[in-house]
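A quick write-up on the structure given underneath.
In our numbering, the protein residues as written are 1022 to 1952.
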């Protein structure tokens, strides 16, 4: 034995000995014979397999077992194998992270879940099951539902196109049954067997065949029985062991060399040119059978190593030939070819990019042969539709190159329509009645340009929604809005001449939606008198374009008069109000909102319209604040800010805390409703305006009703911020916007308007909030004035009990207000009975009246009321216990009557108390706040 394996390595001798221990010896065979048999087996074992193949083979074997158990409804077996499958998949985690979840695994999860749901709904079938299977069905159903939550996306993708996955599986099964991959070490999903390995033996084994004498023995029969027809020319590896034994007397060197040729892989022999041809034939058959693309064929032909296999590519279908040579190109032929191309639209495996190229080529052929503009318009319609279909998923947005092509095609289509007035387009034109030939003018084409432009506008919105707003790409994409608006304007001009009223209203609304949220700086400068600009600059600006207010007024009024659908009119009204409010036309915006009565039934509108309504109300409130209408601003912003969901209600993002309330599908729908970033309203500015408005209303009210038990809150959110500020253990300088407002509120409560002003208007607040307004300086001046006036009111409410009289001149100096302004404020407070005082006109003095009870007197009055009610209740209970049976009911009724009288007396007392409060000014103040 040592002489026979003189040149063999230690590892080979170890493997042969281990094979000898495993393989049982047949009677009559020698030790050498068993060694030679083990050599043959050793060749079979020397298959190089990757970890991916081993793990995937284990998974596929378990999946086969599960499917077999499903066929016979063995739920217990299914449960057991599924648990093993989950453990095996967990072991394959590293491979899955690199390669992705295999399609056959997703296919099993989807099929198993559907199968279990079907069994669960089949009540008759469940009754026939035994106890173990029924219990296993329930357990497995719960497990698979929980397990599949992690793969919802992949399962949904498979269910959308299950036929494609099934076809891939069939192709893989055909490839595995017919022949394995060409690479020497790789295996498919089902693993590599010894038989398939025998098919991939090296072709240059002439020296080994000399050593083995090439006699067809048992090994030859076993190999030839499994080979395909195209493997007939391959040489046989197996040979009879007796023949090997008889040749053992040859020279040792020759034996070792010939044996090495058996173990070592060699390139195809250059003496056999037929080997290369056979190899190419096999590869061609392989491509036809499983539809994959093989790379590195030159390496394999040169005797290289592994083949690069890239799977998952759809089968390449032959492009339909445009026209044969000598074909007469006319309208009928082109229409026929167009229908032929369109028949592949939407089918599995259709190359959408190639389809678009074919349509472009067909349009070029039609233009070269002068077939008229009718057929060209029809082809353009289909090109644009194919560009929209390039992304089959509605949530996906168009790529940059497709988006540019789409805009170019729409521009070309509009150019044709403007140049040729004899083309009529409509959705009501039936394809049979189309006139596309030159002889059949005027042309009649089925289609709708407005629908294409509306879809283009929606695609632009999706592109902006899916772009990072803080990147340069967003700015580049936003530049396309000018081109989109240009297309909408061109279509508007076209439809004003040839479109119906409904189409005109739709295109007007598209134009309005691109205008309403933009601030017209040119009109704003003109309204301010064009400070620092010459007359030539004014004339240049006027010639550049129409004022946006005039455009909005013209388009909206047409929709108000002509629209038949409530939705378009509602959107137009809201956009018009938004535009008025954005440009500080407060009274026009307010009157239009009140006349439209939209707030009465807006809750029945669809979510996009509700988002637009919320945006309009917010802009209306901000406009009222800029105009100094603090109470109106607070009322307009109250609903949005009190909900705590301003970001979601304005369509500017989703809140994380509500993620559990919606599934993935609802989340996708809500994301599609989001407003693009360039249309957002600054949420910090919004909150600051609301809190400052609440401060200017709430602080004087709190000072006036400090001891009122019936005091109500004007703004809950403002009180919440005050409580948060009070709970802070360490009170430092304010940092955030909210902390600035809280600090200003505390200063105003003490009547210190200068400190309040410094907290509200400073460098940090200017950069965060006030500088974002178009007229920032005017807003700051208005705020200072409001802070001075409300601080004066708060000071008088708080310290009126301290003064017997106070000079108006002193108040004017304290709050830096003019004496007429101070006189006006104090007069209003006295008239409204908020302040119990009188004015001494000659001396310009405010004389206080001592009518307000102190806090001790208020508590004493409350105690007296409670004691009186307690005495009445005790007397009533005592009377009920003293009477006989017959008089019991009479006294009960009388007691009830007395109780009712007492209740009325309480009510009357309460009313009198209210009247007293009215005299003191509390009720009037409350009533006015309600108003």
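Don't be surprised by glycine CBs; every beta carbon is placed ideally from N, CA and C. Every value quoted in this text rests on a predicted model; they were computed, and no experiment measured them.
When you compare only the Cα positions, how much space is there between residue i and residue j?
i            : j            : result
residue 1889 : residue 1817 : 35 Å
residue 1740 : residue 1734 : 8 Å
residue 1179 : residue 1482 : 29 Å
residue 1353 : residue 1498 : 41 Å
residue 1393 : residue 1387 : 8 Å
residue 1766 : residue 1710 : 14 Å
residue 1391 : residue 1345 : 19 Å
residue 1796 : residue 1779 : 20 Å
residue 1642 : residue 1653 : 7 Å
residue 1833 : residue 1799 : 22 Å
residue 1380 : residue 1172 : 39 Å
residue 1422 : residue 1790 : 39 Å
residue 1691 : residue 1399 : 36 Å
residue 1158 : residue 1143 : 12 Å
residue 1504 : residue 1451 : 32 Å
residue 1900 : residue 1745 : 52 Å
residue 1371 : residue 1412 : 13 Å
residue 1152 : residue 1123 : 34 Å
residue 1366 : residue 1414 : 15 Å
residue 1728 : residue 1493 : 58 Å
residue 1358 : residue 1436 : 25 Å
residue 1877 : residue 1884 : 11 Å
residue 1724 : residue 1648 : 26 Å
residue 1150 : residue 1624 : 52 Å
residue 1785 : residue 1164 : 56 Å
Would you kindly report the start and end of the unbroken beta strand (DSSP E) that includes residue i?
i            : result
residue 1953 : What the structure shows of the chain is the stretch from 1022 to 1952, and residue 1953 is not part of that stretch, so it cannot be assessed.
residue 1827 : 1826–1828
residue 1859 : 1858–1861
residue 1866 : 1866–1869
residue 1464 : 1464–1467
Could you please give the first and the last residue of the uninterrupted alpha helix (DSSP H) stretch that includes residue i?
i            : result
residue 1790 : No alpha helix (DSSP H) holds residue 1790; DSSP gives it neither H nor E.
residue 1589 : 1587–1603
residue 1899 : 1876–1903
residue 1159 : 1152–1168
residue 1533 : 1522–1534
residue 1096 : 1096–1112
residue 1574 : 1569–1583
residue 1841 : 1840–1852
residue 1369 : Looking at the DSSP string, residue 1369 is not in any alpha helix (DSSP H), and its letter there is neither H nor E.
residue 1629 : 1628–1647
residue 1089 : 1072–1092
residue 1798 : 1797–1820
residue 1720 : 1704–1725
residue 1688 : 1685–1693
residue 1539 : Looking at the DSSP string, residue 1539 is not in any alpha helix (DSSP H), and its letter there is neither H nor E.
residue 1181 : 1173–1181
residue 1142 : 1124–1142
Between which residues of its own chain and residue i is the CB-CB distance below 6 Å, once the five residues before and five after are set aside?
i            : result
residue 1838 : 1809
residue 1079 : 1109
residue 1129 : 1084
residue 1594 : 1617
By Cβ distance, which residues of its chain are closer than 8 Å to residue i, with the 5 residues on each side in sequence left out?
i            : result
residue 1541 : 1568, 1569, 1570, 1604
residue 1655 : 1642, 1711, 1714, 1715, 1718, 1735, 1736
residue 1145 : none
residue 1622 : none
residue 1583 : 1522, 1525, 1526
residue 1408 : 1377, 1419, 1423, 1426, 1427, 1430
residue 1138 : 1162
In chain order, what residues of the same chain lie with their CB nearer than 7 Å to the CB of residue i, ignoring the 5 residues before and after it?
i            : result
residue 1701 : 1673
residue 1867 : 1826, 1827, 1829, 1847, 1858, 1860
Cβ pair count under 8 Å reaching 3, the stretch 1411–1421 against the stretch 1479–1493: yes
Uninterrupted alpha helix (DSSP H) stretches inside the stretch 1395–1444 (no shorter than 4 residues): 1421–1440
Segment contact, 8 Å Cβ cut-off, at least three pairs: the stretch 1511–1527 with the stretch 1455–1472: yes
In chain order, each alpha helix (DSSP H) run of at least 4 residues that lies wholly inside the stretch 1464–1514: 1470–1486, 1493–1499
Cβ contact (3+ pairs, closer than 8 Å) linking the stretch 1635–1650 and the stretch 1658–1676: yes
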